[in-house]
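Participant:
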């Protein structure tokens, strides 16, 4: 048993060592402690019915307008005003059903693109008009990530509808395939 | 004779289990940010531990996997996998019980954000757990030098 403990210790310590060193030198390395404070600056629980939509997210230090979380009621109002919805899920999920009229910009592919390519993908959308980003549900983060990618690309008024496709269909709101 | 078959069974199991973990580690190593998100989605670990896990677990899998396939530190690597598998299974079961919409982040990260079949993942991990348990117990006999080949 002692030998096993020793082996596990060697495996574990070398994994920690290699992991931390490799992560430190890798260009794709991540922070040792995950920081979501920036992304969750707006508490979804506080998004009130019919929140003030004329107010945009604040312009942050990085030079883009921060996306703002909206409730399902707000999302529905915007939907009725023909605001553009963007579905961040993969193409096959989008094909199985999405919010009516939504464009599909799969986050996984979108985030790898250059700014020019991103703008090319979004060329039909006006930078100063509102865009609503969503994915499957509030435990899917792509709505947030996609919104930030779009905001960084220069879209000034991006909303995040966290409830996503799941909540939308549960409420029986318009969808299409 | 039965011992012989056991020996080959053991080698086969080592290669399979080690191979699965090596494969699983590569996808995670390619995109640790995504793996970190996958862990986050389980809502299982306190935030401060998530990235440490995302950094260390792929290497634990890779190193133990290579050792297990090569038959070096068989006890240590199989024990590491036992612990990892038990953690994974608990994480999957709690995610399933809470109805979380997760991608498991088990193998390739292609499915991040997609709903993957958690039950299937649990069954896969239980099978791996069974195989790893056999390796762990059997390799004890081999190491303890009491084994004779008669």
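Chains as they are written, first to last, in the numbering used here: chain E, 9 to 185; chain W, 36 to 185.
For glycine and all other residues, C-beta sits at the position ideal for the given N, C-alpha and C.
This one's a predicted model, so the numbers in the text were calculated from it and none came from an experiment.
#1: For the beta strand (DSSP E) that contains residue 169 of chain E, what are its first and last residues?
#2: Count the CB pairs spanning the stretch 88–105 of chain W and the stretch 115–125 of chain W that are closer than 8 angstroms, and state whether there are at least three.
#3: Counting only beta-carbon atoms, is residue 83 of chain E nearer than 8 angstroms to chain W?
#4: So what does residue 93 of chain E bridge to, in DSSP terms?
#5: Answer with yes or no whether the minimum CB distance from residue 113 of chain E to chain W is below 8 angstroms.
#6: Within 8 angstroms (strictly less), CB to CB, does residue 129 of chain W reach chain E?
#7: For residue 42 of chain E, does the count of other Cβ atoms within 10 angstroms reach 16, so buried, or fall short, so exposed?
#8: Helix or strand or just coil, what does DSSP make of residue 30 of chain E?
#9: Please say whether residue 76 of chain E and residue 65 of chain E have beta carbons closer to each other than 8 angstroms?
#10: Any beta carbon from chain E within less than 8 angstroms of residue 193 of chain W's own beta carbon?
#11: Which residue from W:99, W:153, W:52 and W:61 puts its Cα closest to that of residue 16 of chain E?
#12: For residue 174 of chain W and residue 33 of chain E, what's the separation of their Cα atoms in angstroms?
#13: Count the other CB atoms within 10 Å of the CB of residue 47 of chain W; is the residue buried (16 or more) or exposed (fewer)?
#14: Less than 8 angstroms between CB atoms is the rule here; does residue 38 of chain E satisfy it with respect to chain W?
#15: Given this structure, state the Cα-to-Cα distance separating residue 86 of chain E from residue 154 of chain E, to the nearest angstrom.
#16: Taking DSSP as the reference, what is the three-state secondary structure of residue 82 of chain E?
#17: I'd like to know if the stretch 119–126 of chain W and the stretch 23–39 of chain E are in contact, where contact means that at least 3 CB-CB pairs between them fall below 8 angstroms.
#18: Going by beta-carbon coordinates alone, are residue 141 of chain E and residue 174 of chain E separated by less than 8 angstroms?
#19: One question on the structure: do residue 139 of chain E and residue 102 of chain E come within less than 8 angstroms of each other, judged by their Cβ atoms?
#20: Report buried or exposed for residue 52 of chain E, applying the criterion of at least 16 other Cβ atoms within 10 angstroms of its Cβ.
#21: Which residues bound the alpha helix (DSSP H) around residue 163 of chain E?
#22: Output yes if chain E places a C-beta closer than 8 angstroms to the C-beta of residue 60 of chain W; else output no.
#23: Who pairs with residue 77 of chain E in a beta bridge, going by DSSP?
Facilitator: Concretely, from the data shown:
#1: According to the DSSP assignment, residue 169 of chain E belongs to the beta strand (DSSP E) that extends over 166–169.
#2: The answer is yes - the stretch 115–125 of chain W touches the stretch 88–105 of chain W, with three or more Cβ pairs under 8 angstroms.
#3: With 8 angstroms as the cut-off, residue 83 of chain E does not count as an interface residue toward chain W.
#4: DSSP, once it has assigned bridges, lists E:140 as partnering residue 93 of chain E.
#5: Chain W contact via Cβ: absent.
#6: With 8 angstroms as the cut-off, residue 129 of chain W does not count as an interface residue toward chain E.
#7: Residue 42 of chain E comes out buried.
#8: Helix.
#9: Yes; because the gap between Cβ atoms is below 8 angstroms, this pair is in contact.
#10: What is shown of chain W runs 36 to 185, which leaves residue 193 of chain W out entirely.
#11: Among W:99, W:153, W:52 and W:61, the Cα nearest to that of residue 16 of chain E is on W:99.
#12: As the crow flies, the alpha-carbon of residue 174 of chain W is around 37 angstroms from that of residue 33 of chain E.
#13: Counting every other CB atom within 10 Å of its CB across the protein chains shown gives residue 47 of chain W a total below 16, marking it as exposed.
#14: In terms of beta-carbon proximity, residue 38 of chain E lines the interface with chain W, with at least one pair separated by less than 8 angstroms.
#15: The alpha-carbon of residue 86 of chain E is positioned some 18 angstroms away from that of residue 154 of chain E.
#16: Looking at residue 82 of chain E - three-state DSSP - the assignment turns out to be helix.
#17: Under the Cβ criterion (8 angstroms, minimum of three pairs), the stretch 119–126 of chain W does not count as touching the stretch 23–39 of chain E.
#18: No, Cβ-Cβ distance for residue 141 of chain E and residue 174 of chain E is not below 8 angstroms.
#19: The answer is no: Cβ separation not under 8 angstroms.
#20: Model confidence at residue 52 of chain E stands at a pLDDT of 48, short of 50, so the residue's coordinates are unreliable and nothing is read from them.
#21: Run containing residue 163 of chain E: none; DSSP gives neither H nor E here.
#22: Not a single CB atom of chain E sits nearer than 8 angstroms to the CB of residue 60 of chain W.
#23: Partner(s): E:168.
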